[in-house]
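Working notes, beginning with the structure itself.
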Amino acid sequence: MPHGEDGAAEEGGSEPALDEPLLLERVEKEPKQKWQTVASHRLKKHCSCTSKRVKSKVLGFVPILKWLPQYKLRDWTLGDVMSGVIVGILLVPQSIAYSLLASQDPIYGLYTSFFASIIYTILGSSRHISVGIFGVLCLLVGQVVDRELALAGYPAESSVISDNGSVLLDMAGNGSSSGVECDRSCYAITVGATVTFTAGIYQVLMGLLQVGFVSVYLSDSLLSGFATGASLTILTSQFKHLLGLKIPRPQGWFTLFKTWYALIANITSTNVCDLVTSLACFAVLIPAKELNDRFKAKLKAPIPFELFVVIIATLASHFGHFNTEYGSGVAGEIPTGFLPPQLPMWSLIPSVAVDAFSIAIVGFAITVSLSEMFAKKHGYAVDANQEMYAIGFCNILPSFFRCFTTSAALTKTLVKESTGCQTQLSGLVTALVLLLVLLVIAPLFFSLQKSVLAVIIVVNLRGALRKFTDVPRMWRANQIDTAIWLVTMATSALVNTELGLLVGVLASAFSVLGRTQRAQVLELGRAAAREHYEDQAAYRGLRTRPGVAVFRYEAPIYYANQKLFKKSLSKRVGLDPAREKTRRLKFKKSKRPEETKSETYGEKEAEAAANVTFIPEEKSSRNLRSLVIDCSAVLFLDTAGVNALKEVRKDYGELGIEVVLVRCSTSVLDALERGGFCSDTVGENRTIFYTIDDGVRYVQSLHSPNGDYDSRC
């Protein structure tokens, strides 16, 4: 056909007429290779050793080698040093305080923050996050430590006096008369370090297996609900220090209720000195934190009120003899320097393996979430698997130096970013500040009251606890996400912290599954001026074709919802094929038998009456003869889904209603082909079309007097 005439010619042929269906030729797939060939190719790809590949692997595994040579000394140094110093100052009181949550002595919190800052600087791919102690992980570690202390026969913390909690442990961690003395504190950090080592091994193994993608299954609502629920548990656990009560941490499920019961039962034993100190610290820190938050845009760095409170409270406790005169609990001796490295307690690993796995998942998920959030904000990329390696080694290596589990922390990361951080060199500056404390200043905190540390922990929970005020807004935005948040939070707080994470994951999974179960078949209508079809219930002015109904199912069709799909379709059509077949059978049986010698014309008339076309009750204004199913929203089909579509076509076909599919994706087409959807069609009837209009015109042509529509399959 020449150019300029109706329907311009295309290269290699003329444009098809508008009344012909759209036909596309599929690209032939490459033949599948044998598994031996695939395995050999992958081995060559991953095991080949070239200088370029080695350099790439080393730079990828140790990111500092990539960014340090490009460091802009003049532009970045001031911001990195300033942010490192500020975060280091904030970490000193927080490291000591969060040691209480992990049931450890204060020195080990300082160790943990020191080593984590150095290791993440070398291995981390994020430029801004601050890795160190995190309240939720400290709580999880502390629960394991207290449980193992009780199982090992150590008395509760409230009953430990002098050295009556000592036992003899050999190097393998078993009781022995020839072993070395290990008191309650020694065994507590041994358990904590073993848990940390095991969690780090999990994280590194997940990195080796390239399963960093698991972070996408932990939604923001799940992590937020888990953190909020754990914050309630943390808040409750600190009341005993605020009141100066010496009660053991309860074990098992429903610890929140057990703790409150113990607090109420022992309320008469409140230490007045600790209570007054707690109230005074709250009176200072809460307004101070609010001022920092309100003027953070104007302040170059947050004012370290926590450090000021710690210094003043330590001096007051020391000169006021709060420990000896009033029985107030204090931090105790904090040695300087570092202890020699020691191996984890191998015999303890089977007992803590399950706990360590949940701790590993939480630590990794928090770290990846924060690193991706700040990377997106500042326009660079992070590698989830490299983050897995980094946080894994931040747990494995420090565990030999009596440290407990670490991860990124939001509060310190926000401070780090807002004070001018440009690279992880600020982490080295933070480590230098902590090193100064470890070598010189640490013993000065001997008289620091535990109630002051508890106040610091509680005040830092404000952000997580404020989430409760956001629940109405969250509910208006997305009810399903809010339900996941509430379920995860309630389970974490009221039942068990680790169980809360599992319940949250299951709730998220079932919410996705539930959405496919709730999907309904929609009837579509055609726009007046376009070949476009939309839901008739959502838009006005849509038109329908006589005798033809177009439907869309907005969910995958698979084993779990294939029955619901058929039920929803029959409800929307107004016709249940099974019931209609039963009705027709009853109708035939109830008819009076024809006389044996009836005329041929009478027999044909009776047969025609039995095959009368069905008119649905809900759509009695039109004679329904064809169904067009839009599969554009069907993401995938499994064997059950293909069978469901075959059954729909067969059941409605037996009632004289033609069923065709339109707008199928290539994956759906492949599933239909593998399932034999086209191969068992009668004759050469076409059953699949690329556009809705093609399908509609085809089924209309089947019932037109001179229908000659293309019938190729």
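Residues 5 to 717 (the numbering used here) make up the sequence shown, in order. Glycine included, every Cβ here is placed at the ideal spot set by N, Cα and C. These numbers come from a predicted model, not from an experiment.
Contact belief for residue i with residue j at Cβ below 8 Å, rounded distance in angstroms
i: L639; j: F681; result: With a Cβ gap of about 17 Å, L639 and F681 do not count as contacting.
i: I488; j: G508; result: 6 Å
i: A197; j: P348; result: 6 Å
i: Y393; j: G211; result: 4 Å
i: A523; j: Y557; result: 6 Å
i: V676; j: L706; result: It should be pointed out that residue 676 corresponds to Leu in this sequence rather than to Val. The pair is not a contact, with the Cβ atoms about 21 Å apart (cut-off 8 Å).
i: H322; j: S455; result: Between S455 and H322 the Cβ distance is about 15 Å, and since that is not below 8 Å, they are no contact.
i: I111; j: I338; result: 5 Å
i: S121; j: A435; result: 4 Å
i: L105; j: L153; result: Not quite, the Cβ-Cβ distance comes to about 15 Å (not below 8 Å), so this is no contact.
C-alpha distance - residue i paired with residue j, whole-angstrom precision
i: S669; j: G679; result: 15 Å
i: Y702; j: E538; result: 20 Å
i: W479; j: F472; result: 11 Å
i: F250; j: A320; result: Contrary to the premise, residue 250 reads as Lys rather than Phe in this sequence. Each residue's Cα considered, the two are about 22 Å apart.
i: T41; j: K48; result: 11 Å
i: G578; j: V140; result: 54 Å
i: D387; j: S129; result: 7 Å
i: K592; j: A533; result: 47 Å
i: N627; j: G657; result: 15 Å
i: G526; j: Q540; result: A quick correction: the sequence has Leu, not Gly, at residue 526. When rounded, the distance between both Cα atoms is 8 Å.
i: E421; j: I316; result: 28 Å
i: F286; j: L432; result: 32 Å
i: S273; j: G233; result: 28 Å
i: Q426; j: I123; result: 17 Å
i: L279; j: E294; result: 22 Å
i: V164; j: P252; result: With a pLDDT of 43 at V164, under the threshold of 50, the modelled position of that residue is not reliable, and no figure is offered here.
i: L568; j: L665; result: 18 Å
i: D697; j: A644; result: 28 Å
i: A511; j: D485; result: 10 Å
i: K585; j: K570; result: 16 Å
i: R151; j: I268; result: 23 Å
i: D174; j: D187; result: With a pLDDT of 43 at D174, under the threshold of 50, the modelled position of that residue is not reliable, and the figure given next carries that caveat. Spanning the two alpha carbons is a distance of roughly 13 Å.
i: S103; j: S636; result: 55 Å
i: Q147; j: W80; result: 41 Å
i: H382; j: L303; result: 21 Å
i: N464; j: V208; result: 30 Å
Beta-ladder partner(s) of residue i, from DSSP
i: L665; result: I633 and I692
i: V313; result: DSSP, once it has assigned bridges, lists no residue as partnering V313.
i: Q428; result: According to DSSP, which records beta bridges pairwise, Q428 is partnered with nothing at all.
i: A154; result: In the DSSP output, where bridge partners are listed per residue, A154 has none listed.
i: G136; result: S411
i: L641; result: I561
i: Q453; result: V334
Beta-carbon proximity check, residue i vs residue j, cutoff 9 Å
i: G113; j: I100; result: yes
i: V700; j: R547; result: no
i: F450; j: A379; result: no
i: L442; j: G504; result: no
i: G324; j: N275; result: no
i: L236; j: L260; result: yes
i: G396; j: M86; result: no
i: V199; j: V437; result: no
i: I460; j: V672; result: no
i: C407; j: Y115; result: yes
i: L506; j: S355; result: no
i: A364; j: N399; result: yes
i: W264; j: N500; result: no
i: L127; j: F201; result: no
i: L352; j: T194; result: yes
i: F138; j: G367; result: yes
i: L94; j: P291; result: no
i: V646; j: I633; result: no
i: Q255; j: V462; result: no
i: T281; j: Q453; result: yes
i: T492; j: S225; result: yes
i: V149; j: A192; result: yes
request  = Ignoring anything shorter than 4 residues or poking outside the region 219–244, list the alpha helix (DSSP H) runs there in chain order.
outcome  = Qualifying alpha helix (DSSP H) stretches, in chain order: 224–241.
Completely contained alpha helix (DSSP H) runs for the region 507–578, where each covers 4 or more residues = Within the region 507–578, the runs of alpha helix (DSSP H) at least 4 residues long that lie entirely inside it are, in chain order, 566–577.
message = Quick check for students: name the residue ranges of the beta strand (DSSP E) that lie wholly in the region 179–213, counting only runs of 3 or more.
response = Within the region 179–213, the complete beta strand (DSSP E) runs of at least 3 residues are 184–186.
task = Tell me the start and end of each unbroken beta strand (DSSP E) in the region 332–410 that is at least 3 residues and wholly inside, in chain order.
result = Complete beta strand (DSSP E) runs here, min 3: none at all.
Sequence ranges, alpha helix (DSSP H) only - wholly within the region 254–278, length at least 4 = 259–269, all fully within the region 254–278.
key: Sequence ranges, alpha helix (DSSP H) only - wholly within the region 49–126, length at least 4   = The DSSP assignment places 55–65, 68–71 and 77–105 as complete runs of the alpha helix (DSSP H) inside the region 49–126, in order along the chain (cut-off: 4 residues).
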